[in-house]
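Colleague: After the structure tokens below, expect a handful of questions from me.
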Amino acid sequence: MIFKIALFLSMIIQLATAIVAVSMVRRTRYNVSWILISIAFVLMALERLVEFSSFFWQTKIITKEEVNSWLGILISIFMLISLYYIRQIFNLQDQLDAMRKTSEKRMLMGIIQGEENARRTIAGDLHDGMGPLLSSVKMIISAADTRKMNPENRKIVEQTCSVIDEAIVTLREISNHLSPHLLKNYGLVKAIETLTKQLFANSPIKVVLHSGISDKRYDYDVEINVYRIVTELLNNSVKHAGAANIEMELKEEAGKRLMVDYRDDGKGMEPGFFYGQEVTFSGMGLDNIYSRVTSLDGSVSVESSPGKGFYAHVEIPV
């Protein structure tokens, strides 16, 4: 009796499951795999119904075992076919994910390239527009005969020329920062060497650069992004870490990947969440670094803790 009750409850549950499955066919927009699964649920419910009804009537035309066997075969067939279509769905989902990631990388690269184009345009306008104007102003002022001026006016002219000289130098530095001509003309190593000399000319911070790539040139997108990454790391060490020593190494792995190892002996920082990386950090320009690395299909890992300095390893495919 208990077995009959259990079998009856099983049949009811199976029927309810089949009804729910069939009712969801429309919501799945008549997906083939779900239709097949729904049919399989209906057959499983029918199997339970046949098994339960065998307690009340018997037939010699076909036995309960034969019915269950045929139903089991049909269920297996429908399940197998539905699994094939489900696998196709997962494959399609993988393709969509790959397309989404590719689209995101292209969009990110477009944003970065647009930013660099804007930098180059502004740098060109400053160099070709403001530069000559300042030089012309200096020439006009310098043409004045200071011998006929009183000492006070002569001092004003000299100070004005000095300020214009400083403005021209500053303008060149800004223009070079926006669009480093050394990077374009001489390559990555020379540009980074010049950058460190400019940043730390009057600073007690010691910077050591090791290069295993000599004067080798890369695609401009690779060079400009690595240059910006190094610039961001150097700024972090100066502004936030309070580092006394900085060490960088540029190297290449079998002509496939350009690698940057960067470390300082600053105060370090607490780990946080940085785009799902296992050991991650946020803020302090690292978001920009990650965006640039991602746009080039590269990778970045960061290690740091309070009082133990900062280390970053960047890899870019070339």
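The sequence shown maps to residues 737 to 1054 in our numbering. Even for Gly, the Cβ is constructed at its ideal location relative to N, Cα and C. Here the structure is a predicted model, which means the values were calculated and not measured.
For Pro916, does the three-state DSSP call read helix, strand or coil?
Modeller: Against the sequence shown, residue 916 aligns to sequence position 180. Coil.
Colleague: I need the straight-line Cα distance from Gly1008 to Ser1041, nearest angstrom please.
Modeller: Here residue 1008 corresponds to residue number 272 of the sequence shown, with the count starting at 1. Here residue 1041 corresponds to residue number 305 of the sequence shown, with the count starting at 1. Per-residue confidence for Gly1008 stands at a pLDDT of 49, beneath the threshold of 50, marking its modelled position as unreliable; the derived number appears in the next sentence. Cα-Cα distance, rounded: 11 Å.
Colleague: May I ask you to report which of helix, strand or coil DSSP gives Leu1032?
Modeller: Counting from one through the sequence shown, the residue named residue 1032 turns up at place 296. Coil at Leu1032, not helix or strand.
Colleague: Run the CB neighbour count on Phe826, radius 10 Å, all protein chains shown included, and call it buried at 16 or more, exposed below.
Modeller: Within the sequence shown, the letter at position 90 stands for residue 826. The residue in question, Phe826, is exposed, as its Cβ has fewer than 16 Cβ neighbours within 10 Å.
Colleague: What number of angstroms, rounded off, separates the C-alpha of Val899 from the C-alpha of Arg842?
Modeller: In the sequence shown, the residue the question calls residue 899 occupies position 163. In the sequence shown, the residue the question calls residue 842 occupies position 106. Distance between the alpha carbons of Val899 and Arg842 is about 45 Å.
Colleague: Alpha carbon to alpha carbon, how far is Arg855 from Ser1037? Give it in angstroms, no decimals.
Modeller: Taking the first residue of the sequence shown as 1, we reach residue 1037 at position 301. Taking the first residue of the sequence shown as 1, we reach residue 855 at position 119. If I take the Cα positions, the gap works out to 28 Å.
Colleague: What first and last residue would you give for the alpha helix (DSSP H) that runs through Lys933?
Modeller: Taking the sequence shown and counting its residues from 1, one reaches residue 933 at position 197. Unbroken alpha helix (DSSP H) run through Lys933: 924 to 935.
Colleague: Which term fits Met1005, buried or exposed, when burial requires 16 or more other beta carbons within 10 angstroms of its beta carbon?
Modeller: Here residue 1005 refers to the residue found at position 269 of the sequence shown. Buried, by the Cβ-count rule.
Colleague: Can you have a look at Asn972 and say buried or exposed, based on whether 16 or more other CB atoms are within 10 angstroms of its CB?
Modeller: As a first step, residue 972 must be located in the sequence shown, where it is residue number 236. It is buried - the Cβ of Asn972 has at least 16 other Cβ atoms within 10 Å.
Colleague: Can you name, in chain order, every residue of its own chain whose Cβ lies under 6 Å from the Cβ of Leu772, other than the five neighbours on each side?
Modeller: Taking the sequence shown and counting its residues from 1, one reaches residue 772 at position 36. Excluding positions up to five away in sequence, the list reads Phe814, Ile817, Ser818.
Colleague: Measuring alpha carbon to alpha carbon, tell me which of Ala879, Arg908, Glu909 ends up nearest Thr896.
Modeller: Looking up residue 896 in the sequence shown gives position 160. Per the Cα distances, Ala879.
Colleague: Can you tell me which residues form a DSSP beta bridge with Ala1048?
Modeller: For this step, residue 1048 is matched to residue 312 along the sequence shown. Answer by DSSP bridge pairing, in chain order: Tyr998, Val1038.
Colleague: Measure the CB-CB distance between Arg1028 and Ile848 and report whether it falls below 8 Å.
Modeller: As a working note, residue 1028 is residue 292 in the sequence shown. As a working note, residue 848 is residue 112 in the sequence shown. The answer is yes: Cβ separation under 8 Å.
Colleague: Given this structure, state the Cα-to-Cα distance separating Met885 from Pro868, to the nearest angstrom.
Modeller: Here residue 885 refers to the residue found at position 149 of the sequence shown. Here residue 868 refers to the residue found at position 132 of the sequence shown. Each residue's alpha carbon lies about 27 Å from the other.
Colleague: Is the Cβ-Cβ distance between Val966 and Met984 less than 8 Å?
Modeller: On the sequence shown, residue 966 is found 230 positions in, with the first residue counted as 1. On the sequence shown, residue 984 is found 248 positions in, with the first residue counted as 1. The answer is yes: Cβ separation under 8 Å.
Colleague: In chain order, what residues of the same chain lie with their CB nearer than 7 Å to the CB of Arg999, ignoring the 5 residues before and after it?
Modeller: What you label residue 999 is simply residue 263 of the sequence shown in a count that begins at 1. Hits under 7 Å: Glu983, Gly1045, Phe1046, Tyr1047.
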